[in-house]
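S.K.: Sequence order for the protein chains is F and S. Just so we're aligned: the first sequence equals residues 1368 to 1760 in this note's numbering. Just so we're aligned: the second sequence equals residues 3 to 312 in this note's numbering. Beta carbons: idealized from backbone N, C-alpha and C, even for Gly. Keep in mind it's a predicted model, so treat the numbers as computed, not measured. Shown below is the structure under consideration.
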Amino acid sequence: MSIRERMSGNEAVAYAIRQVNPDVMAAFPITPSTEIPQMVSTFIANGDIDTEFIPVESEHSSMSATMGACAAGARAITATSSCGLAFMWEVLYVAASDRLPVVMAVVNRALTGPININCDHSDSMGARDSGWLQIYAETNQEAYDNYIQSFRIAEHPDVKLPMMVCQDGFITSHAVMNIELIEDEKVKSFVGSYEPENYLLNPEMPMAIGPYANSPFYMETKMNQRIAMKNAKKVILDVAKEFEKISGRSYGLFEEYHMEDAEYVIVIMGSAAGTTKDAVDELRAKGVKAGMIKVRVFRPFPGEELAAALKDAKAIAIMDRAESFSGMGGPLGSELKAALMDAGCKATVVNNFYGIGGRDYTVEDAEAIYNDLMEFEAGTKPFKQFRYIGLRK
Amino acid sequence: MAYNFREVMSKPERLAPGHRMCAGCGGTIAARMVLRALKPGDKAVIGNATGCMEVSTFMYPYTAWEDSYMHNAFENAGATLSGIETAYHALKKKGKLDETYKFITFGGDGGTYDIGFQSLSGAMERNHDLVYVCYDNGAYMNTGIQRSSATPMFADTTTTPVGKVSNGKMQNRKDLAQIIADHDVPYVAQTTLLTTMKDLYEKAEKAIYTPGAAFLNVMAPCPRGWRYDASDIMEICKLAVETCYWPLFEVVDGQWILTYEPKKKLPIEDFLRTQGRFKHLFKPENEGLLEQYQAEVDRRWEDLLFRCSK
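Here it is, written out as structure tokens:
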């Protein structure tokens, strides 16, 4: 029987870490992810798990030590947010290139400038091209479920890539929700043990990792990372199917909400999907064919699959919780629009920025976006392709 | 057991020939000697900060390292090896590993004194059972001889060039061995390449086999950066010690021990004259700079004697 509980997203991830019992965790505190290493330290202090915890002096070192531990042959994890993730930036690329299946819990928070501890996706979106798998959660339940699935995905022989398991800072990391936990033994047998093919502490065969590889070899390294990233799509779906067997909860690359006949669609990521679903329900009650897509997997980017799911939409609002300062769209907007163009999409498409630095995003905001989509499509309101939602007047 | 040069030198090389380091490079000599201090049955994982040594010994698809080896980045050799060492304890605890492993990382002064200082400090403070070996050649040699905080005063480097109104680097070098000793780690030593390599070998052995964090600061001349003939390296190292420019000492559990005291302290000019990077100091108008140099060497030497209760 699964366990019904109430807990925050950080508690849920820490609970999953206790169940997985990884070999090594290295972490440095940063709001709002700090609770995760704190809780893990308490599990260790009470003998609940035998993970070795490295209380490093910075996030650059937490990633570096995690990489060292993983290369050595250990299952190694870390957690961070915001500037902590930005401080790791250089070594994120090395971890992906070294094909180290490190799992990192990312509790999304705005990047400093000015300092802001609240949620947006600018931290992990800044690392979107680093070669890491990225998966996002709407709820505490999804943060927990994604975390448990992440090891099977990252460590899969066809993938062998590091993975960020993201959830929204404070909104899910600190808010307490109902959650269904899986029994320890089921989680342990689902995740299994980490058995790398090559590792530093293999007495039979030493390994050298992190070479100097100039133009004769560098490009093949990148191509192999690309292949692994593409392989991950199938692995993510296969792991989700297996996960459904132990949990009863099904997951895909993205979630479709009332998409069967939807004409007006919001595409969004993370906790704001819940808010958007409420707006969809209200509009559906009024007879509006509103729908929503929640992108769960951002790396690899399911462009073709999303375009197929959006093929009958008349108007689409793509929602970005991160700026990329191109003067045009955000990360999700730019990538999805490219995928839609490749698929010959003729829909009206806008790209909105919302929730930056924790700005509220309400059901009314979502409804207004759907109304705008209808008006843009009908030509009754001047079309505006890029917009900030909820700006101060 | 007494040090036997022939025996030590006949140990198998763990940094194999065929790497692409320069002839007359002190860093390579130091690394080979440190690795000889490993017991033949013991396995090791070698770490390496980005630098000459890394880009010349592990050019894909070839490695010159007989042991497992990891290069991560320039500034994180301390943290990377911390993770490897911790994984060793985790796997041992879970019964997944029987063999004994030792952990040694090499970094130049750039990766150690400067950009990797925080990572090194963290690894030392946490007292991981590892050895950090700095091969100190006193500048960022891999990128083309830019000054570091290990660069000695008045050295001509590409970012402290000697010019019409400049006499090279204006600051004294940072005393990293002292700073690491202040981390209260079990073993810190300063050494260089001397005749039979006894000093380096014995200090490396102690560093490797003392439980906990250990730091070795090895003065490792660079023929390109210091501008000397490759064959002069041993003479230069000797003069560094005999002038008290590079004193030999150990700090064992906080106890400072002078491991060599010159019978007659030679003037600093004897060391400086061997290298092109100090050539400008020997112009007649720069006599004052030499005096200033001698005063600085004397001050540091007196300070060291005091620490060693001499």
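Just to make sure I have the definition right: I need the residues of chain F whose C-beta is within less than 7 Å of the C-beta of S/E95. Which are they?
M.R.: The sequence shown places Lys at residue 95 of chain S, rather than the Glu named in the question. Correct list: D1417.
S.K.: Excluding the 5 residues preceding and the 5 following S/P264 in the sequence, name in chain order all residues of the same chain whose CB lies nearer than 6 Å to its CB.
M.R.: Excluding sequence neighbours, S/P264 sits near E244.
S.K.: Residues in the stretch 1414-1439 of chain F with C-beta within 9 Å of chain S's C-beta atoms, listed in sequence order?
M.R.: Listed by position along the chain: D1417, T1418, E1419, F1420, I1421, P1422, V1423, E1424, S1425, H1427, S1428, S1429, M1430, S1431, A1432, T1433, M1434, G1435, A1436, C1437, A1438 and A1439.
S.K.: Across which residues does DSSP place S/S70 in a beta bridge pair?
M.R.: According to DSSP, S/S70 bridges with S/V47.
S.K.: Please report how far the alpha carbon of F/E1609 lies from the alpha carbon of F/S1431, in whole angstroms.
M.R.: Their backbone Cα atoms lie some 32 Å apart in a straight line.
S.K.: Under 7 Å between beta-carbons, which chain F residues line up against S/W67? List them in chain order, please.
M.R.: By Cβ distance, chain F contributes A1575.
S.K.: Does the distance from the CB of S/T194 to the CB of S/A242 come in under 8 Å?
M.R.: Their beta carbons are under 8 Å apart, which means S/T194 touches S/A242 by this criterion.
S.K.: With DSSP as the reference, identify every bridge partner of S/S168, one or two as the case may be.
M.R.: Looking at the DSSP assignment, S/S168 forms a beta bridge with S/G165.
S.K.: Let me know if S/T197 comes out buried or exposed under the rule of 16 or more other beta-carbons within 10 Å of its beta-carbon.
M.R.: By the neighbour-count rule (16 or more Cβ atoms within 10 Å), S/T197 is not buried but exposed.
S.K.: Using CA atoms only, rank isn't needed, just tell me which of F/Y1514, F/D1535, F/F1454 and F/A1680 is closest to F/E1627.
M.R.: Ranking the options by Cα distance to F/E1627, first place goes to F/A1680.
S.K.: Label S/N50 either buried or exposed according to how many other C-beta atoms from any shown protein chain fall within 10 Å of its C-beta, with 16 as the threshold for buried.
M.R.: Buried is the call here.
S.K.: How about S/S151: is its C-beta nearer than 8 Å to some C-beta of chain F?
M.R.: S/S151 does not count as touching chain F.
S.K.: How should F/L1703 be labelled, buried or exposed, when 16 other C-beta atoms within 10 angstroms of its C-beta is the threshold for buried?
M.R.: When all chains shown are included, F/L1703 counts as buried.
S.K.: Indicate whether at least one CB of chain S lies closer than 8 Å to the CB of F/A1504.
M.R.: No, because no Cβ of chain S sits closer than 8 Å to the Cβ of F/A1504.
S.K.: Please report the Cβ distance between F/V1526 and F/V1461, rounded to the nearest whole angstrom; I am assuming they are in contact, meaning their Cβ atoms lie under 8 Å.
M.R.: Not really, about 17 Å apart at Cβ, beyond 8 Å.
S.K.: Quick one: which chain S residues come within Cβ less than 7 Å of F/E1457?
M.R.: Per Cβ cutoff of 7 Å: A75.
S.K.: List the DSSP bridge partners of F/I1683.
M.R.: Partner(s): F/V1632 and F/V1716.
S.K.: Distance cutoff 8 Å, beta carbons only. Does S/N219 sit that close to anything in chain B?
M.R.: In the structure shown, chain B does not exist; the protein chains are F and S.
S.K.: To which residues of the same chain is S/W228 closer than 6 Å at the C-beta, ignoring the five residues directly before and after it?
M.R.: For S/W228, where only same-chain residues beyond five positions count, the Cβ hits under 6 Å are Q277 and R279.
S.K.: Between which two residues does the alpha helix (DSSP H) carrying F/G1700 extend?
M.R.: Where F/G1700 is concerned, the enclosing alpha helix (DSSP H) stretches over P1698 to D1709.
S.K.: As an exercise, report each continuous alpha helix (DSSP H) stretch of at least 4 residues that is fully enclosed by the stretch 1444-1508 of chain F, in chain order.
M.R.: Whole alpha helix (DSSP H) segments, 4+ residues: 1449-1454, 1456-1464 and 1489-1493.
S.K.: Along the stretch 26-49 of chain S, what residues have a CB closer than 7 Å to any CB found in chain F?
M.R.: The stretch 26-49 of chain S vs chain F, Cβ under 7 Å: K45 and V47.
S.K.: Step through the CB atoms of chain S and report whether any lies within less than 8 Å of the CB of F/Y1737.
M.R.: No, F/Y1737 does not count as interfacial toward chain S.
S.K.: Starting from the beta carbon of F/P1570, find every residue of chain S whose beta carbon is closer than 7 Å, and list them in chain order.
M.R.: Ordered by position in chain S, the residues that pass the 7 Å Cβ test against F/P1570 are K45 and E101.
S.K.: Who are the neighbours of S/V253 on chain F, taking C-beta pairs under 9 Å?
M.R.: By Cβ distance, chain F contributes nothing, its closest Cβ being about 22 Å from S/V253, past 9 Å.
S.K.: Near F/M1471, which residues of its chain fall below 6 Å by C-beta distance, leaving aside the five closest residues on each side in sequence?
M.R.: If we look at F/M1471 and ignore the five residues flanking it on each side, its Cβ neighbours are T1445 and M1531.
S.K.: Could you give the DSSP three-state label for S/E237: helix, strand or coil?
M.R.: S/E237: helix per DSSP, three-state reduction.
S.K.: Determine the closest residue to F/R1371 out of F/E1547, F/I1416 and F/S1425, with distance taken between C-alpha atoms.
M.R.: Among F/E1547, F/I1416 and F/S1425, the Cα nearest to that of F/R1371 is on F/E1547.
S.K.: Look at S/F367 and S/C310 and say whether their C-beta atoms are less than 8 Å apart.
M.R.: Lying before the first or after the last residue shown, residue 367 of chain S is absent from chain S, which here runs from 3 to 312.
S.K.: F/V1558 touches chain S at which residues, Cβ-Cβ below 8 Å?
M.R.: Residues of chain S passing the Cβ test: none, with the nearest at roughly 15 Å.
S.K.: So, at 7 Å on beta carbons, what are the nonlocal neighbours of S/D138 in its own chain, with the 5 sequence-adjacent residues on each side left out?
M.R.: Answer for S/D138: D111, A152, N219, V220, M221 and A222, listed in chain order.
S.K.: Give the list of continuous beta strand (DSSP E) stretches no shorter than 3 residues that lie fully inside the stretch 116-147 of chain S.
M.R.: Complete beta strand (DSSP E) runs here, min 3: 133-138.
S.K.: Check the Cβ-Cβ distances between S/Y137 and every residue of chain F, and say whether any is below 8 Å.
M.R.: It does not; no Cβ of chain F falls within 8 Å.
S.K.: Which residues does DSSP pair with F/E1547 in a beta bridge?
M.R.: Bridge partners of F/E1547: F/R1371.
S.K.: Can at least three beta-carbon pairs, one atom from the stretch 1566-1578 of chain F and one from the stretch 1504-1514 of chain F, be found at a separation below 8 Å?
M.R.: Result no; under three Cβ-Cβ pairs closer than 8 Å.
S.K.: Using a C-beta to C-beta distance shorter than 9 Å, which residues of chain F count as neighbours of S/Q148?
M.R.: Here the premise fails: no neighbours, minimum Cβ distance about 20 Å.
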